[in-house]
Amino acid sequence: MYTLNWGELSISEFLQHYWQQKPVLIKAGFNQFADPLTADELAGLALEEEIESRIVSNKNNDWQLHSGPFTEYDSFGEDNWTLLVQAVDHWHPEAAKLLDPFRFIPNWRIDDLMVSFSTPGGGVGPHLDQYDVFIIQGEGKRHWRVGMPDSSLEQHCPHPRLLQVTPFTDCINVITEPGDILYIPPGCPHEGISVENSLNYSVGFRAPSQKDLINGFADHLLDQNLSGERFTDKNRAVANSIGEITVADIKQVKQLVTAMANDDNLLPHWFGEMISQAKHELDINQPDPHYSPEEIAEYIEEGSVLTRVGGLRCCYYQATPNSDILLFINGDKVVIPANELSTVKLLTDQDHLSVEDNLLFSQSDSRLQLLTQLINQGYWYFSE
Ligand code: SIN
Ligand code: CO
């Protein structure tokens, strides 16, 4: 278990003064930090086809980017390169625990845990990210510089797949040591150059853009074959100019577009399904053959406990305390009666279900049915 020591700060002060506003170093945020994985284990993950990995190297200012999987590192030499592995929380339960201290931000906003191993001089260069990130220093030391958003900065590509930014003025300039945590809001330029072989853990967040939202919502309407209402102009006035699209016309177009977004039978359903989809592959193994609810009840009775598959995205929406709950798991929606909120919270807020938690499921047929379905989908598995 990782416990975050906020020092002078509290979570609410952090949210009020720093989150999405300015970068901060939480010195020794994790006291006596123990890395959840080794560089060798990270290299093992980077061997896998389904795990996204890349190496960024910078020899004499020649920036190169190679995509994994990687079977050898000798060709990269001893310095000036970094290996980055995405969604390590999907594959490494110990590393996934590093997300827990940041769960004061809701599930749907958390993206994944990216882990990097950098040799001396290694880094991805000065750049901007679109998302908030907490960067935890694991073994080794790294020189980090972070600046405030600055519209005069320009982005450029020293390699076709590497976006960097022009030199920036820093407000944080520090050598991070094991357990230090840097928080960097979106749009703040930053650069980390390894001082020695070093592991860094990046807790990344999701923030959909307007374009993503409009695109995704439109796709949903198409999938559901929903055409909605059509433009009407029953009381149209005589046109001043037949070439003109009038202000009144545009006002009505806006109303038509926003009416769909305002429809509570549409938007929350789509949003929950979309935002609960994993961006990276999950380590899902469906039981074969599937369990029956009776078998699940027996295991529960015998005291088995359950674990949620790493990186599974679970969240819910309830418009009012009396409304049905929309439970979203990995892009699917299940509608649950309003009085089952505590059951839903067990599934969204916990990644382990204890013997006592499980008993709640065996107390009702519909809860047992739901749990059986989730186990048969490979989303939860018996871990003892
Ligand atoms: C890293 O190199 O570990 C983090 C890269 C970044 O700054 O986003
Ligand atoms: Co970054």
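Residue numbers (the working numbering): 3 to 386.
Glycine included, every Cβ here is placed at the ideal spot set by N, Cα and C.
Here residue 83 is buried: its Cβ has 16 or more other Cβ atoms, across all protein chains shown, within 10 Å. One Cα belongs to residue 68, the other to residue 60, and the distance between them is close to 12 Å. Counting every other CB atom within 10 Å of its CB across the protein chains shown gives residue 3 a total below 16, marking it as exposed. Burial of residue 328 is indicated by the presence of at least 16 other C-beta atoms within 10 angstroms of its C-beta. Its chain contains 319, 321 and 328 as the residues whose beta carbon lies nearer than 8 Å to that of residue 270, once the 5 sequence neighbours on both sides are disregarded; these appear in chain order. Contact check between the stretch 286 to 300 and the stretch 339 to 347: fewer than three CB pairs, one atom from each, fall below 8 Å, which does not count as touching.
Set against 7 Å, the gap from the CB of residue 176 to the closest heavy atom of the ligand CO is not smaller. For residue 68, the three-state secondary structure derived from DSSP is strand.
Counting the other CB atoms within 10 Å of its CB gives residue 187 a total of 16 or more, which places it among the buried residues. It is roughly 8 Å from the alpha-carbon of residue 13 to the alpha-carbon of residue 106. Annotated three-state conformation of residue 194 is strand, per DSSP.
DSSP places residue 46 in the helix class (H, G or I) of the three-state scheme. If you look at residue 206, you'll find it in the beta strand (DSSP E) that goes 200 to 207.
Where residue 60 is concerned, the enclosing beta strand (DSSP E) starts and stops at 55 to 61. In the structure shown, residue 39 adopts coil according to DSSP, grouped into three states.
Taking C-beta atoms under 8 Å as the contact rule, residue 137 and residue 55 fail to qualify, at a distance of about 18 Å. Per DSSP, the beta bridge partners of residue 310 are 382.
By the neighbour-count criterion, in which a residue is buried when 16 or more other Cβ atoms sit within 10 angstroms of its Cβ, residue 124 is buried. A contact between stretches requires three or more CB pairs, one per stretch, nearer than 8 Å, and the stretch 77 to 92 fails this requirement with the stretch 141 to 160.
In the structure shown, residue 351 falls within a helical segment according to DSSP collapsed to helix, strand and coil. Proximity of the beta carbon of residue 269 to the ligand SIN is not indicated: no heavy atom of the ligand is located closer than 7 Å. Of the heavy atoms belonging to the ligand CO, none sits nearer than 7 Å to the Cβ of residue 113.
Taking 3 residues as the shortest admissible run, the stretch 134 to 171 contains the following complete beta strand (DSSP E) segments, listed from N- to C-terminal end: 135 to 139, 144 to 148, 157 to 161 and 164 to 167.
Distance from the CA atom of residue 93 to the CA atom of residue 382, rounded to whole angstroms, is 14 Å. Take the alpha-carbon of residue 248 and the one of residue 231: they are about 20 Å apart. By the criterion of at least three beta-carbon pairs nearer than 8 Å, the stretch 299 to 316 is in contact with the stretch 350 to 368. Inside the stretch 218 to 271, DSSP marks whole alpha helix (DSSP H) runs of 4 or more residues at positions 249 to 264, from first to last along the chain. Distances from the CB of residue 192 to the heavy atoms of the ligand CO include at least one below 7 Å.
Between residue 302 and residue 361, the beta carbon gap of about 7 Å places them in contact (Cβ cut-off 8 Å).
When DSSP reads this structure, residue 116 sits in a beta bridge with 204.
Per DSSP, the beta bridge partners of residue 27 are 184.
DSSP places residue 374 in the helix class (H, G or I) of the three-state scheme.
Two segments are said to touch when three or more pairs of C-beta atoms, one from each, lie closer than 8 Å; by this definition the stretch 130 to 150 touches the stretch 177 to 193.
Fewer than three Cβ pairs drawn from the stretch 171 to 181 and the stretch 113 to 127 lie within less than 8 Å of each other, which leaves the two stretches out of contact. When the beta-carbon positions are compared, residue 111 and residue 233 stay at least 8 Å from each other. Assignment of residue 102 by DSSP, reduced to helix, strand and coil, places it in the helix class.
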